[in-house]
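Taking it in order: structure first as structure tokens, then the write-up.
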Amino acid sequence: MFLQITNLNKVFPTSHGPLVVLKDINMTIAEGEFICAVGASGSGKTTLLRQIAGLDHPSSGEVRIDGQRIKGPGPDRGMVFQHYTLYPWMTVQANAEFGLKLQGVPKKQRREQASYYLSVVGLSSYANLLPKQLSGGMKQRVAIARALASEPKILLMDEPFGALDLHTRESMHEFMIDLWQRTGITVFMITHDVEEAVFLSSRIYALGSRPGTVRREMIINLPDRHPLVKRQAIFHDYRDELMDLLRQHGQEALAMAA
Amino acid sequence: MNPGSSPPPASDPDSAVTSSIRELIKPKPFRPTVFWRLGEEIPKPLQTGLMITSLALPLVLWWAVTTLVKIDPVFLPSPGAVLAAFGRLWQSGDLLKDTLASLGRVGVGFFLSALVSIPIGVLMGSFASIRALLEPLFGLVRYMPAPAFIPLLILYLGIGEPPKIALIFMGTFFFNTLMVMDAVKFVPRDLIEATYMLGGNRREVLTQVILPHVLPGILDASRINLAAAWQLVIVSELIAATEGLGRRISVAGRFLRTDEIFVGLIVIGIIGLSFDLLFQYLLRITCKWANQKR
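So the protein sequences, as listed, match chains A and B.
Add 3 to a position in the first sequence, counting from 1, and you land on the number used in the working numbering.
Add 82 to a position in the second sequence, counting from 1, and you land on the number used in the working numbering.
Structure, rendered in structure tokens:
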């Protein structure tokens, strides 16, 4: 297995005592999969992603990628954040190159590599603009190109389209499917958007809330990934099943909290 | 609960309450305005006109009062008399000498202050440890007025240039440090973490992400504290100075040369404003990305 999360627990100390945010998380992700972890707020999904990113450390358990235990952040895992994280003083090109620059890649090679991935995300003609001149969807595409330029083993995405309007979000979904099919990259994305998860994923982890746990694993077998598939019964079945699962556990969590 | 549900029928006992609320609501007019637009731009010609008025009106009033009313020139000299005094001081070379002396003190004092306060401010903003170590002390000393240190400065440094430069340093260092520190707090955490994910280490984050991000904040803090440096240079020249604009004003006061006091004040104002505009210009050309307008 490519990415392996084993018996992961995360506890935060609070003034009311320890707060268990993630409890006994086990996940395995194979190369080339598109995985979504779907959960309501309180499911600890961002915390989970931060453990994989290495921006935070598990209280117990471990995350391994290619057999290597994750000890800290690094460019072998490309990360796309929910909020725009482009460097506002750098051009689109410089943003896309920056990771390679930090890793000591010579100027010529990093320019070629960044240009290639800017063309992959369809933004070659915007290379010399500043981030503030781009729309929200374009900014996230630059962030994806920047992450991909280091040729990471996995792309980690933290509700990357949450800040976008509906139409932009839908075109980003098509873009992600296209990108995934062309590059064969492994993607681990967290979201609360059920339709987004069903449309994009090859497999879904449904998370329960308070504490965050894996409630169910769903394999998504859609006949194709064209947007029209969203009108088919099979898509609705997956969506309703996942929605019921999240709603049921949401109510349980509320009842337990009361 | 259900947002799609229809409002309660008219027979509902609650509806009597809801309908009477409408009668209690008083209509309020909202008149259109140009001058009193809240938080909005005004038309360009109006803006230009008001800006000219801002400077021209006091000048005209000054001129009118001194020519139409008989006022002792020792109390209020006319614009013409001040202009003449300006010409006199300029010709004798005194004005240039005074201006250069004051400029030199501000330049050296504030340059040293910026040289130390900017790195320390960046470090304090970046590292909670350094902040905890220095913020209580700086926060306290900041509230001690710099001129109150003059006796100590004379005691330690004598009466030459060093205490004057030290006064400017002391009066701007703490504010500048804390303002730069605040600017660093506006660097989004996501941006720092994104850099870690791209393979950056702490030093690279500091020099290649935090520093460029706070550059506009640094320029803005320096612009504001340079104004304070100008205030302090005038105060510092009360310490046994032989030349300087502050010295010029206090000597002119002693000999009741009110026109020269005005010359000194106006020159100080114009130089201060020029520095302000220079910094604003620097900010505009070096940090295009941070401009509000495109």
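All C-beta atoms in this analysis are idealised placements derived from N, C-alpha and C, irrespective of residue type, glycine included.
In this text, all values refer to a predicted model and were calculated from it rather than measured experimentally.
Close to residue 102 of chain A, with beta-carbon spacing below 7 Å, are these residues of chain B in chain order: 280, 281. Taking 8 Å as the upper bound for CB-CB distance, residue 197 of chain A and residue 132 of chain A are not in contact here, some 35 Å apart. Secondary structure of residue 160 of chain A (DSSP, three-state): strand. Residue 12 of chain A is positioned such that its CB atom lies closer than 8 Å to that of residue 64 of chain A. Classified as buried, residue 94 of chain A has 16 or more neighbouring CB atoms from the shown chains inside 10 Å of its CB. Counting along the chain, the unbroken alpha helix (DSSP H) around residue 122 of chain A starts and ends at 110-123. Looking at A:56, A:229, A:223, the one whose alpha-carbon comes closest to that of residue 243 of chain A is A:223.
Runs of alpha helix (DSSP H) with 4 or more residues, each lying fully within the stretch 135-181 of chain A, are found at 139-152, listed in chain order. Residue 152 of chain A is a Cβ neighbour of residue 102 of chain A, given a cutoff of 8 Å. Judged by DSSP secondary structure, residue 7 of chain A falls within the beta strand (DSSP E) whose first and last residues are 6-17. Of all residues in the stretch 104-128 of chain A, only 105, 106 come within less than 7 Å of chain B when Cβ atoms are compared, listed by chain position. By the rule that beta-carbons nearer than 8 Å mark a contact, residue 341 of chain B does not touch chain A.
By the Cβ test, the stretch 211-219 of chain A is not in contact with the stretch 177-190 of chain A, since fewer than three Cβ pairs between them sit closer than 8 Å. In this structure residue 120 of chain A is buried. Its beta-carbon is surrounded by 16 or more other beta-carbon atoms within 10 angstroms. At the C-beta level, residue 220 of chain B and residue 252 of chain B stay beyond 8 Å of one another.
In the structure shown, the three-state DSSP call for residue 160 of chain B is coil. The closest CA to that of residue 178 of chain B, considering only B:270, B:365, B:248, B:350, is found on B:350.
In this structure, DSSP gives residue 27 of chain A an extended state, which the three-state scheme calls strand.
In the three-state DSSP reduction, residue 279 of chain B falls in the helix class (H, G or I). Here residue 124 of chain B carries a coil assignment [DSSP, helix/strand/coil]. The Cβ atoms of residue 310 of chain B and residue 357 of chain B lie no closer than 8 Å to each other. The three-state secondary structure of residue 220 of chain A, taken from DSSP, is strand. Assignment of beta-bridge partners to residue 111 of chain B by DSSP yields no partner. The C-alpha of residue 107 of chain B lies about 26 Å from the C-alpha of residue 118 of chain B. Counted as a single uninterrupted DSSP element, the beta strand (DSSP E) harbouring residue 194 of chain A occupies residues 189-194. When the five nearest sequence neighbours on each side are left out, the beta carbons in the same chain lying within less than 7 Å of the beta carbon of residue 62 of chain A are those of 12, 13, 14, in order along the chain. Pairing residue 130 of chain A with residue 82 of chain A gives a Cβ-Cβ distance that is not under 8 Å. Per DSSP, the unbroken alpha helix (DSSP H) holding residue 217 of chain B starts and ends at 210-224. DSSP places residue 339 of chain B outside both helix and strand once states are collapsed to three, so it counts as coil. Counting the other Cβ atoms within 10 Å of the Cβ of residue 341 of chain B gives 16 or more, which makes it buried. Linking residue 299 of chain B to residue 125 of chain B through their CA atoms gives a straight-line distance of about 29 Å. Scanning B:138, B:130, B:159 for the CA closest to the CA of residue 338 of chain B turns up B:159. For residue 37 of chain A, there is no enclosing alpha helix (DSSP H); the residue is found in the beta strand (DSSP E) stretching over 37-41. As the crow flies, the alpha-carbon of residue 118 of chain A is around 29 Å from that of residue 366 of chain B.
With distances taken between CA atoms, residue 148 of chain A lies nearest to A:97 out of A:241, A:97, A:40. Any Cβ of chain B closer than 8 Å to the Cβ of residue 212 of chain A would place that residue at the interface, and such an atom is absent.
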